[in-house]
Amino acid sequence: MTQNKLIAFCYLFIVGIGLAMAFPLGSAAVSPLTLITLAVGLVTAGALYVARRRRPVIADDSLYAPPTRFDTLQVSAWVLLLVAGLLFGYTRYLAMIQPPDQLVGRVRFDSERVTWTPVAPMSATSFLKIRTLAPVENDIDLRLVGRVEALQPARDENDQPILDDQGRWNFTQTDLKQSSEPLHIPAGTPAGVEVLVTQPFSHLDRVEAINQPASGLLAILKPVNTVSLFARSGRNVVPVSILGRITADPWVYSFKTVLAITPDYIQYRPDGPFFPVERQTVRVTVNPDMPGYERLARSPAYGYDVALSGGLIAPPPAANEGAFDQAKYLRNYNIGGQMMLRTPRDGSSPLSIIIPQGSDGPRDGNGLVEFSLYLRDEMVRVIKQTMPQPNSAFLGALTLGLRYGMQNTVSIASDQHSEGVVAPILNVGSNSNERITDEFRASGTSHVLAVSGLHVTIITVMFMGIFTLLKISKKVYVPFVIFALVIFAIITGARPSTLRAVIMNSLFLLTWGYLGQGVRSSALLGVPIAAFIILLQNPAMAVDPSFTLSFGAILSLALITQPFFDIFKKAYGNQFIALVLMVVVLTWVFATHWLLVITLRFWVGYALLGVVLFWLARVCDRRDIKPIGNYGFANIHPGVGGFIAAQFGLQIGMMIPLSAYYFYRWPVAGAYANLLAIPLVGIVLQLSMLAGLIGLIPGFGIYIAIFLNAANWIFSSMFLWIGHYFSSWFAYPFVVKPTLRWLFIYYAACAVFVWWRPLWFRIVRPRWNKAKRPARLLTLAAVALVIAGIFASGHAEKKVIRHDGQLAISILSVRYGSGILIDTPDGKAILVDTAYVQTDRGRRNDAERTIFPHLCLKRIGHLDALILTSRNPEHMAGAPTILEHLDVDQLLYPASVAPRLAEGEIADLLAARAPERFKHRLSSTTITPRALVAGERLFESEVDGKPFAIEVLGPPAGDQEAPLSLRVVFGDFALLIPSDMTFAQQQALLESASEEALKAQVVIAPGHGTAGLESVTIGMPKNVERSLSDITGKLLQTAGAEAVVFEFGNPRPVVGDKYRIALKLHGAARRMAEDLLPEARHLATDTDGAISILSDGSTYSLDARYDSEVGFADAPTSLEIGW
Amino acid sequence: MEQGSKTLLIILVAALLMGGLVIAFNPAYRQAFVCLLRGDPASSPIWTSNRDYYPDVALPAATPTAADSSSREPDHDAE
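Have a look at this one:
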């Protein structure tokens, strides 16, 4: 019972965190909530104590026992416990995201005077906040007056800040009088509004009123000095200086290193004082050209004290709806700002490693972490001597969590390895240049790179095996194994999944070693306790994929595996054959035709096949035709049978819902590949760990290590082949993202599946048997109503998401490229252009990364048309990705694009999806390509009396060069898409089209604002300013543009060395547009994010994703994020 | 647990035998083993294949290699 209470408390703690995320209160609520939580906690403890003493004896507590009579005291204790857990979770999350401000004093204004009531002295130099405590009736103008203890670091002869031998920064302090700028709080400001005063104060002496308002009540607060308080938004921000320490193992890429620096002090303004910093870290990116880079790009840099200077940027939120949210991700990891260090022109380093006075070298970090990192480097050295590429990169990631080492490691099937220094075991060389990490993702085996329960359990078992071999008692070796697990967690980066597994395994070892408990009971207790410990430290982790997937996996294994096993073992004899055949058919269709799987006709056919097969099985049973006798799932070895059932449990409980929710994709191959991959990991990981540890033994160790890793070369190659072949055999489809409501319904259904026996026998059946006929009918009607309501609400939800009856246009932020989604008023989905695919270093496919997540979020699984407007790669490079994964009815393009469609991957795809191909006729997923010419009108319809059409303005018939120019019209609203038109083509359009035909409220700037770039050889093209104003400017003016949108981003990956010219041209185009159309809105997808347009045919609204300009910050790579 | 330790022992012995076969028949592994015996692991083909893999982790006598400074991160919008 105590165990159940503990489990319930931990889960309610998590629910409390979820509630705080959904419905957060302000920071003012933190202190009262803390008090309430404490009070409820005390009352709960008392109630539990009393309830325990008066607990009645329960005769039968089996699942099938009739319901027991409710004991009021017990129920009250339970309710209190749950409320305490809920409150605790809520308060903990709130206190983390909104640290409570310190109340410095209150100011009361009345018609005669200002009353300043100090409450507490300021604890440190900080900014100040003014909060209105009552609605403001008259304008308030005030000034804060006080002092600042300005700290400036003492510097040595090299102008470096001085750190004493105790690791404290030395400062000189100057006491200065301080008064704020005049502050204005306008009448009508409601209570609770806060104004930040970005001037430093150490003491606040008084508040001066500049005017004399009749009334007003304000609180002066000192905010907590978090890193995010000092982070700025926008480009070209004023640099800050930081004195701090590297507090994590550096993440070393081949082209950059990412450091986690915990600041002790930040100087916000170049000549201002240094502020002590209390919370959060800074993510600092350094490039190899920075002086002293090599000292930072290695493990020993952990623990170094550093002084650095650069722009501290607030992480930008997602530029597109549904895309990766950098701000949220970094906040979850307690990162308050980002810096990208630039080397100044004088060649000096923006980051200095500071050596404490009296020391020979920089300080070390935490001893245990230092030891772990040293151990890791030594094991890497063993791997490098005993395992060739690419297996060594895989082994490093699997055994030591070194995922960054796999950044550029291409598939084992690449020719690159066949021609390498060490030839592969089997020459399976091909022109595959997929990265191993991508192959693992597509084959559903990438979980082996995220060190989790599987790894920790294998290592636990390995150490237990070693100690047992050495005949050491478990009571003696359990602490050693736990210590080894802690070291392993540190080595591998202590991510939530690893911590969860280490906590759970440690709990298991303790309960098994000293209390004699079994695996299942310790797992059910260990899961919530591990979650509680991790979330207590960082509650924001609750929604992080690494946390959710890890806990989803272990809960699926613990709860869903057994019900599947119970179902499967009922199949024997001919029924077993039918079941196997059904699985084979499903696998075959999964592998050969995913687009058929997502049709209703397939599932109807599949269900019919099931009926026929199981009917045949019965017929054969009756006639005593039993080719395999009564052999069935129950006859399979329990370990193998349980493993197969576990794969089903993992897919249903974790992979299908959570992969769709977080990544919009489901690795179909995972269910099959893991049947081989997981047992193989058991061998590869153990051998690698043993080789790594034995290799550390001086003398003979390395010789044993090379023997072990020579064998492991074969096993690890097998794993890499699994990744390669399963990713090429099976699709890695995009799937519609479920909303939280659907996830809840899905998991509720899973819960019914898992606990149907107690639900049926203890709750439903006793009441159903007692109920009279009308009550039964009423119950059935209520259930039917709930199910109908769920489906109706789902339908309504989709209508809202798709803006039913309105024209919704999303101009996506896809860097220097184009991707526009048109959601027509009559429900058609049309994609115009597919963005660029970067294939060199830092590969990035915006069709995958941006367009598909957006489509999945909008629940679009079928495109009525894909329109490619230009042959330039920033418009059509993503087309193969879109065509491969999506059902597209029509492919429309100008004549200039036709040659591109006849070559490469896109030609193969179009041939495979040609209308005469039976395979795709079966799933109605054939594609009809068609060239467009000026004068055509596409997708004409009428909604609420307002006509909709996409008008083709160009190219004229016979033009083999010009891009497609379109005008999207709905009632009175129009959007003009000129695509990549040169100046000459723009001029031709102006001359050929009537003024009325070009009218549009919103115009996309031609050629991303870099028209003219195509004719550049050296330097800026001649007369570009004139062409811009005479031609592009005239086009914008003729259209009568109220808004001009530049689809812009870093042009370098697309245009190469011409990127500087492209930047200049873009700047000139923007200035021209702003000068010629001063009343219009000028937006760019790099600084404003994605642009959303919504029109009902009469009016329209245009919203940019970002309210204010965001700063450019180095984005975490998929290796860093872990998916 | 007895079963687990037995399995571990079997894996270990089988791996050593299998490793021996690989070293005997695979030229790269054979050469790597010989280089280790000669005390010259730097010229081993396995070590050479890992030249760009964590270049800061070097052999005890060698100096760590710095990362390629030509591959600087672009200034704008890079991953």
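For the protein sequence lines, the chains are D and Y, in the order given. Just so you know, we're using the numbering used here here: the first sequence kicks off at 4 and counts up by one. Just so you know, we're using the numbering used here here: the second sequence kicks off at 4 and counts up by one. Think of the CB as a built atom: it goes at the ideal place given N, C-alpha and C, for glycine as much as any other residue.
DSSP three-state call for residue i: helix, strand or coil?
i, result
"F443 (chain D)", "helix"
"T1090 (chain D)", "coil"
"S205 (chain D)", "coil"
"V16 (chain Y)", "helix"
"H865 (chain D)", "strand"
"M293 (chain D)", "coil"
"G3 (chain D)", "Because chain D is modelled from 4 through 1126, residue 3 (chain D) falls outside the range shown and cannot be assessed."
"E324 (chain D)", "coil"
"K573 (chain D)", "coil"
"N712 (chain D)", "helix"
"K474 (chain D)", "coil"
"K831 (chain D)", "coil"
"L788 (chain D)", "helix"
"E877 (chain D)", "helix"
"R916 (chain D)", "coil"
"A934 (chain D)", "strand"
"D547 (chain D)", "coil"
"T192 (chain D)", "coil"
"Q181 (chain D)", "strand"
"K132 (chain D)", "strand"
"K949 (chain D)", "strand"
"L463 (chain D)", "Correcting the residue identity first, residue 463 (chain D) is Thr in this sequence and not Leu. Reduced to three states, the DSSP call for T463 (chain D) is helix."
"A69 (chain Y)", "The predicted model places A69 (chain Y) with a pLDDT of 49, which falls under 50 and marks its position as unreliable, so this point remains unresolved."
"Q540 (chain D)", "helix"
"A774 (chain D)", "coil"
"V671 (chain D)", "coil"
"R158 (chain D)", "strand"
Report the option in the options whose CA atom is closest to the CA atom of residue i.
i, options, result
"Y839 (chain D)", "D:F91, D:R171 and D:I823", "D:I823"
"L679 (chain D)", "D:G408, D:G447 and D:N173", "D:G447"
"P185 (chain D)", "D:T201, D:R171, D:I428 and D:I700", "D:T201"
"M390 (chain D)", "D:L147, D:L510, D:G456 and D:S720", "D:S720"
"L246 (chain D)", "D:Y271, D:N239, D:V255 and D:I223", "D:Y271"
"A23 (chain D)", "D:A543, D:P359 and D:S417", "D:A543"
"I1094 (chain D)", "D:L1038, D:Y1062, D:S821 and D:D1078", "D:S821"
"Y336 (chain D)", "D:I1021, D:I264 and D:A785", "D:I264"
"Q689 (chain D)", "D:L1066, D:V459 and D:A50", "D:V459"
"A153 (chain D)", "D:N161, D:D167, D:K132 and D:T128", "D:T128"
"A445 (chain D)", "D:V955, D:G92, D:T985 and D:H888", "D:H888"
"T463 (chain D)", "D:P393, D:A487, D:F91 and D:L473", "D:A487"
request  = Taking a Cβ distance cut-off of 9 Å, strictly less, list which residues of the stretch 41-53 of chain Y are near chain D, in chain order.
outcome  = Within the stretch 41-53 of chain Y, the residues whose Cβ lies closer than 9 Å to some Cβ of chain D are P44, S47, P48, I49, W50, T51, S52 and N53, listed in chain order.
ask   = Per the contact definition of three or more C-beta pairs closer than 8 Å, is the stretch 656-672 of chain D in contact with the stretch 547-554 of chain D?
value = Yes, the stretch 547-554 of chain D touches the stretch 656-672 of chain D.
ask   = Using a beta-carbon distance cut-off of less than 9 Å, what residues from the stretch 7-29 of chain Y approach chain D?
value = Interface annotation for the stretch 7-29 of chain Y against chain D: G7, S8, K9, T10, L11, L12, I14, L15, A17, A18, L19, L20, M21, G22, G23, L24, V25, I26 and N29, criterion Cβ-Cβ distance under 9 Å.
task = Assess, as a yes-or-no matter, whether the stretch 26-46 of chain D is touched by the stretch 103-112 of chain D under the definition of 3 or more beta carbon pairs within less than 8 Å.
result = Between the stretch 103-112 of chain D and the stretch 26-46 of chain D there are three or more C-beta pairs closer than 8 Å, enough to call the two in contact.
key: Inter-stretch contact at 8 Å, needing at least 3 Cβ pairs: the stretch 287-301 of chain D / the stretch 346-365 of chain D   = As far as the Cβ criterion goes, the stretch 287-301 of chain D touches the stretch 346-365 of chain D, which means the pair count is three or higher.
Near-chain Y residues of the stretch 172-202 of chain D (beta-carbon distance less than 9 Å), N- to C-terminal order = None of the residues of the stretch 172-202 of chain D has a beta carbon lying less than 9 Å from any beta carbon of chain Y.
message = Is it the case that the stretch 135-152 of chain D contacts the stretch 207-217 of chain D, given that we only count it when at least three CB pairs across the two stretches are under 8 Å?
response = Yes, the stretch 207-217 of chain D is in contact with the stretch 135-152 of chain D.
message = Please list, in chain order, the residues of the stretch 437-469 of chain D that have any C-beta partner in chain Y closer than 9 Å.
response = Answer in chain order: V464, M465, M467, G468 and I469.
query = Which whole runs of the alpha helix (DSSP H) in the stretch 337-407 of chain D are 4 residues long or more, in chain order?
reply = Those alpha helix (DSSP H) runs which fall completely within the stretch 337-407 of chain D and span 4+ residues are 370-389 and 394-403.
task = Any chance you could list the alpha helix (DSSP H) runs of at least 4 consecutive residues sitting entirely within the stretch 71-123 of chain D, in chain order?
result = Listed in chain order, the complete alpha helix (DSSP H) runs (minimum 4 residues) inside the stretch 71-123 of chain D are 75-100.
message = Measuring CB atoms only, is the stretch 1001-1017 of chain D touching the stretch 1027-1041 of chain D, in the sense that at least three cross pairs come out at less than 8 Å?
response = Of all C-beta pairs linking the stretch 1001-1017 of chain D to the stretch 1027-1041 of chain D, three or more are shorter than 8 Å, placing the two stretches in contact.
query = Between the stretch 559-577 of chain D and the stretch 37-48 of chain D, do three or more beta carbon pairs fall short of 8 Å?
reply = No contact exists between the stretch 559-577 of chain D and the stretch 37-48 of chain D.
key: Residues of the stretch 705-721 of chain D with Cβ closer than 8 Å to any Cβ of chain Y, in chain order   = Within the stretch 705-721 of chain D, I705, Y706, I707, I709, F710, L711, N712, A713, A714, N715, W716 and I717 place their CB atoms closer than 8 Å to a CB of chain Y, listed in sequence order.
request  = May I ask you to list, following chain order, the residues of the stretch 860-883 of chain D that have a beta carbon less than 8 Å from some beta carbon of chain Y?
outcome  = Taking 8 Å as the Cβ-Cβ cut-off against chain Y, none of the residues of the stretch 860-883 of chain D qualify.
message = For the pair the stretch 325-341 of chain D and the stretch 398-418 of chain D, tell me if three or more CB-CB distances fall below 8 Å.
response = No contact exists between the stretch 325-341 of chain D and the stretch 398-418 of chain D.
request  = Could you tell me whether the stretch 351-361 of chain D touches the stretch 668-675 of chain D, where touching means 3 or more Cβ pairs closer than 8 Å?
outcome  = No, they do not touch.
request  = Decide yes or no for the touch test of the stretch 487-500 of chain D against the stretch 362-382 of chain D: beta carbon pairs closer than 8 Å, at least 3 of them.
outcome  = Contact holds between the stretch 487-500 of chain D and the stretch 362-382 of chain D, because three or more Cβ pairs, one in each stretch, are under 8 Å apart.
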